[in-house]
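Residue numbers (this note's numbering), protein chains in the order written: chain A, 1451 to 1788; chain B, 1451 to 1788.
Have a look at the structure below before the remarks.
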DNA sequence: ACAACTACTGTGCACGTTCACAGCGCGGTT
DNA sequence: AACCGCGCTGTGAACGTGCACAGTAGTTGT
């Protein structure tokens, strides 16, 4: 299968021990924690490590410690999302950076198709990683059940509908964030406030709609509510539907910035001015929000805190603690579109 | 350091051997390749694997095979790029998918700061991965030298300036692509064709400018050339400079779609119509190209082929073959902006 | 009949590390 | 004098796998 293998000249812990004039055990102790090692031995070991260029073999360490020292970042969404919606990139980048500081590498895996899901599931069950960061908005994916059954620590991003209390997660306070936005639109004097929601099988789809209803009550009539799928095209389609059903609307709360960008295009094409005729509010405060024309008023998700919490919750579970949840506050960011 | 460890109930190859009534060696042979195994033994092993739920321990396997069975995807750019510029996401997604089919996971690592570079370098030197996919446009990063010295297989994305012939790489034919675009602009009757380049220490910055000069010759005067940094803001700044220096320009070839999006905004704000007053051509054909107004004429980079070649070149090197290069053709995509 | 070959199987070893245990010298207490 | 605890150290035993080697039985060739 492989070609001729080069003679491995990598120094082992034996070489370091010999160079330092101590035993393997002392070298190991000196490098891991350093308890019960005399200053003289410690110095000799460190010097020997420097001269030999020794680096511990991760496979050998994993074999005995039963720890992979790595975690998986699993995306169950269609892969296209990874590069259309900046949210996923931000989450990935945040988690990677957070974990890199702890010297824990991140394995990127996808599970959007049946084949991929099986592969990923088998891979994780093989013990290749110590834990899983699961980014999956849609519910009903059997991967979460499989992971839970295999007993591996998991942290979801966003409330895992149907698994609350069983699976750890970190999420923004979607409902309260939606309330902030709709109240803001009202305070601007808007009375016919429509909404474009996320898919009803996602926490963002459910919670942000609930926040919208909290504020509008009976004013939240069915003609003012259209469903999107978090894609730009979905936002365009939903906005078209809304204009058709309620041409007199004077504001739209859109459940994601990407969909809001699509909605802005449709509003522009219909001849309406934003915000003069129609105010538009987004959700996420992703990089898109500042590049639309006009710049988007939106609800900032604290992504940095979310990724930090995801990592913390995962490491806690790896240490043996039970799964917990973290819900983080959002912030209204007012720009030119409202 | 860790809590109380659960009693490992994971079945080992011993358990499978016992259940199948054969020896460990036979199980190993049956699962790897299956040469010299009797049909009866093979079936017994497969059945035992099913009943026990056995999955090979990757650490133990790596320890003996001296292979990590994983590769690293290393990004040396500022991290912000990962989620602002869709190109990186596409490369990452493509490589991940390509490798997933071979059951090779991808470790995502960054090396934008000094600390990160050292960490990544040390990590790779530890033998945690079999090879490196290096996405680094800027030259002069010492990581490439470090990796080469450590003898690990590396494939760069884009020609590694100053390392040609030493490091394998896959890249689009930037120069020829730029020629295609500038010739297209000329064929539309444009005569004052400006360009916004990439940074001069990147292959795209150098080659695409060279292609522009190939076509324009003496018409490529200095006032028509502005430098960008592949960011949207950089595109805006460069476009502003160009309009200031050459207000009579009637076309711009921009070395990336993201910068072109920025340029479009500036042109719009200056009251110019695209393409009536100024034609705009981009480069990449990233997802941005279809979401600008008007949609962007651009040069398509064959990202799928690039990632496929990167993976192929890497696997080849891991098998012991010398580093090679792959240069792939581009394609002009005409939309509304020219 | 004997040797040689083929197809298959079992066993020992090595991979490089961590961990538990035992041993050591030393000073202080019983 | 015997004992104990303490800080430090070396040693053997895993961890689970793949591979080289030797060995077996059956078939073929001379």
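Even for Gly, the Cβ is constructed at its ideal location relative to N, Cα and C.
For residue 1540 of chain B, which of B:1751, B:1642, B:1778 has the nearest alpha-carbon?
-> As a first step, residue 1540 of chain B must be located in the second chain, where it is residue number 90. It is B:1751 whose Cα lies nearest to the Cα of residue 1540 of chain B.
Label residue 1786 of chain A either buried or exposed according to how many other C-beta atoms from any shown protein chain fall within 10 Å of its C-beta, with 16 as the threshold for buried.
-> To locate residue 1786 of chain A, count along the first chain from 1; it is residue 336. Answer is exposed; the Cβ neighbour count stays below 16.
When B:1721, B:1516, B:1646, B:1733 are compared against residue 1691 of chain B, the one with the closest alpha-carbon = Walking along the second chain from the start, residue 1691 of chain B turns up at place 241. Residue 1691 of chain B has its Cα closest to that of B:1646, out of B:1721, B:1516, B:1646, B:1733.
Which residues mark the beginning and the end of the alpha helix (DSSP H) in which residue 1538 of chain B is found?
-> By 1-based counting over the second chain, the position of residue 1538 of chain B is 88. Note, residue 1538 of chain B: alpha helix (DSSP H), 1536–1550.
DSSP state of residue 1699 of chain B, grouped into three classes?
-> Walking along the second chain from the start, residue 1699 of chain B turns up at place 249. Reduced to three states, the DSSP call for residue 1699 of chain B is coil.
With a threshold of 7 angstroms, establish whether the CB of residue 1723 of chain B neighbours any heavy atom of the ligand GDP.
-> The ligand GDP is not among the ligands present in this structure, which contains no ligands whatsoever.
For a contact meaning CB atoms closer than 9 angstroms, what does residue 1757 of chain B contact in chain A?
-> Position 307 of the second chain, counting from 1, holds the residue named residue 1757 of chain B. Within chain A, no residue comes near residue 1757 of chain B; the closest Cβ sits about 12 angstroms away, beyond 9 angstroms.
Chain B contact residues for residue 1741 of chain A, given Cβ-Cβ distances below 9 angstroms | Taking the first residue of the first chain as position 1, residue 1741 of chain A is located at position 291. The answer, in chain order, is 1682, 1711, 1712, 1715.
Quick one, are the C-beta atoms of residue 1788 of chain A and residue 1729 of chain A less than 8 angstroms apart?
-> To locate residue 1788 of chain A, count along the first chain from 1; it is residue 338. To locate residue 1729 of chain A, count along the first chain from 1; it is residue 279. Yes.
Per DSSP, residue 1677 of chain A forms a beta bridge with which residues?
-> Taking the first residue of the first chain as position 1, residue 1677 of chain A is located at position 227. A:1647.
Span separating the alpha-carbon of residue 1630 of chain B from that of residue 1599 of chain A = Position 180 of the second chain, counted from the start, is the residue given in the question as residue 1630 of chain B. Position 149 of the first chain, counted from the start, is the residue given in the question as residue 1599 of chain A. Residue 1630 of chain B and residue 1599 of chain A: Cα-Cα distance of roughly 55 angstroms.
With 16 other CB atoms within 10 Å as the buried threshold, where does residue 1718 of chain A fall?
-> Here residue 1718 of chain A refers to the residue found at position 268 of the first chain. The residue is exposed, with fewer than 16 neighbouring Cβ atoms inside 10 Å.
Going by C-alpha distance, which of B:1619, B:1744, B:1616 is nearest residue 1727 of chain B?
-> Within the second chain, residue 1727 of chain B is the residue found at index 277, counting from 1. Among B:1619, B:1744, B:1616, the Cα nearest to that of residue 1727 of chain B is on B:1744.
Would you verify that the beta carbon of residue 1471 of chain B is, or is not, closer than 8 angstroms to some beta carbon of chain A?
-> Here residue 1471 of chain B refers to the residue found at position 21 when the second chain is read from its first residue. Residue 1471 of chain B does not count as touching chain A.
What's the gap between the Cα of residue 1731 of chain B and the Cα of residue 1741 of chain B?
-> As a working note, residue 1731 of chain B is residue 281 in the second chain. As a working note, residue 1741 of chain B is residue 291 in the second chain. Distance between the alpha carbons of residue 1731 of chain B and residue 1741 of chain B: 14 angstroms.
Just by C-beta distance, which residues in the segment 1553–1564 of chain B are closer than 9 angstroms to chain A?
-> 1553, 1555, 1556, 1557, 1558, 1559, 1560
In three-state DSSP terms, what is residue 1662 of chain A?
-> For the purposes of this step, residue 1662 of chain A is taken as residue 212 along the first chain, with counting starting at 1. Residue 1662 of chain A: helix per DSSP, three-state reduction.
Starting from the Cα of residue 1624 of chain A, find the closest Cα among A:1573, A:1636, A:1724, A:1663 and give me that residue.
-> By 1-based counting over the first chain, the position of residue 1624 of chain A is 174. Checked all of A:1573, A:1636, A:1724, A:1663; the closest Cα to residue 1624 of chain A is A:1663.
Drop a sphere of 10 angstroms on the beta-carbon of residue 1658 of chain A, count the other beta-carbons inside from all chains shown, and report buried for 16 or more, exposed for fewer.
-> Taking the first residue of the first chain as 1, we reach residue 1658 of chain A at position 208. That one is buried.
For chain A, find out if any of its Cβ atoms is closer than 8 angstroms to the Cβ of residue 1510 of chain B; answer yes or no.
-> Position 60 of the second chain holds residue 1510 of chain B. At least one chain A Cβ lies under 8 angstroms of residue 1510 of chain B.
Kindly indicate which residue of B:1686, B:1679, B:1699 has the alpha-carbon position closest to the one of residue 1671 of chain B.
-> Taking the second chain and counting its residues from 1, the one referred to as residue 1671 of chain B is at position 221. When each option's Cα is compared against that of residue 1671 of chain B, the closest is B:1699.
Residue environment, residue 1767 of chain B, which counts as buried when at least 16 other CB atoms sit within 10 Å | Counting from 1 along the second chain, the entry for residue 1767 of chain B is found at position 317. That one is buried.
Residues of chain A with a CB under 8 angstroms from the CB of residue 1513 of chain B: which are they?
-> Translated into positions along the second chain, residue 1513 of chain B becomes position 63. In chain order: 1507, 1509, 1510, 1513.
Are the C-beta atoms of residue 1690 of chain B and some chain A residue less than 8 angstroms apart?
-> Numbered from its first residue, the second chain carries residue 1690 of chain B at position 240. No, residue 1690 of chain B lies away from the interface with chain A (no Cβ there is under 8 angstroms from its Cβ).
Chain A within 8 angstroms of residue 1539 of chain B, Cβ atoms only = The sequence position of residue 1539 of chain B within the second chain is 89, counting from 1. Residue 1539 of chain B counts as touching chain A.
Consult DSSP for residue 1581 of chain A and reduce its assignment to one of helix, strand or coil.
-> Here residue 1581 of chain A corresponds to residue number 131 of the first chain, with the count starting at 1. The answer is strand: DSSP assigns residue 1581 of chain A an E or B state.
Return the bridge partner residues of residue 1780 of chain A from the DSSP annotation.
-> In the first chain, the residue the question calls residue 1780 of chain A occupies position 330. For residue 1780 of chain A, which the question treats as bridged, DSSP gives no partner whatsoever.
Does DSSP put residue 1747 of chain B in a helix, in a strand, or in coil?
-> Numbered from its first residue, the second chain carries residue 1747 of chain B at position 297. Residue state, collapsed to three classes: strand.
Does any CB atom of chain B fall closer than 8 angstroms to the CB of residue 1566 of chain A?
-> As a position in the first chain, residue 1566 of chain A is number 116, starting the count at 1. Taking Cβ atoms only, chain B reaches closer than 8 angstroms to residue 1566 of chain A, which makes this a yes.
With respect to the beta strand (DSSP E) encompassing residue 1622 of chain A, which residues constitute its N-terminal and C-terminal limits?
-> Walking along the first chain from the start, residue 1622 of chain A turns up at place 172. It spans 1618–1622 - the beta strand (DSSP E) in which residue 1622 of chain A sits, taken as one unbroken run.
Do the segment 1480–1493 of chain B and the segment 1546–1561 of chain B touch if we need at least three Cβ pairs shorter than 8 angstroms?
-> no
For residue 1557 of chain B, write down the residues that DSSP places opposite it in a beta bridge.
-> In the second chain, counting from the first residue as 1, residue 1557 of chain B sits at position 107. In the DSSP output, where bridge partners are listed per residue, residue 1557 of chain B has A:1557, B:1522.
Cα-Cα, which of B:1642, B:1582, B:1715, B:1651 is closest to residue 1765 of chain B?
-> Position 315 of the second chain, counted from the first residue, corresponds to residue 1765 of chain B. The shortest Cα separation from residue 1765 of chain B among B:1642, B:1582, B:1715, B:1651 belongs to B:1582.
How far does the alpha helix (DSSP H) with residue 1606 of chain B in it reach, from first residue to last?
-> Position 156 of the second chain, counted from the start, is the residue given in the question as residue 1606 of chain B. Taken as a continuous stretch (DSSP letters only), residue 1606 of chain B belongs to no alpha helix (DSSP H), being part of the beta strand (DSSP E) at 1604–1607.
Between residue 1578 of chain A and chain B, is there a C-beta pair that is closer than 8 angstroms?
-> Stepping through the first chain from its first residue, residue 1578 of chain A is reached at position 128. True, the Cβ-Cβ gap to chain B drops below 8 angstroms.
Decide if residue 1552 of chain A is buried, meaning its Cβ has at least 16 other Cβ atoms within 10 Å, or exposed.
-> The residue given as residue 1552 of chain A occupies position 102 in the first chain. By the 10 Å Cβ count, residue 1552 of chain A comes out exposed.
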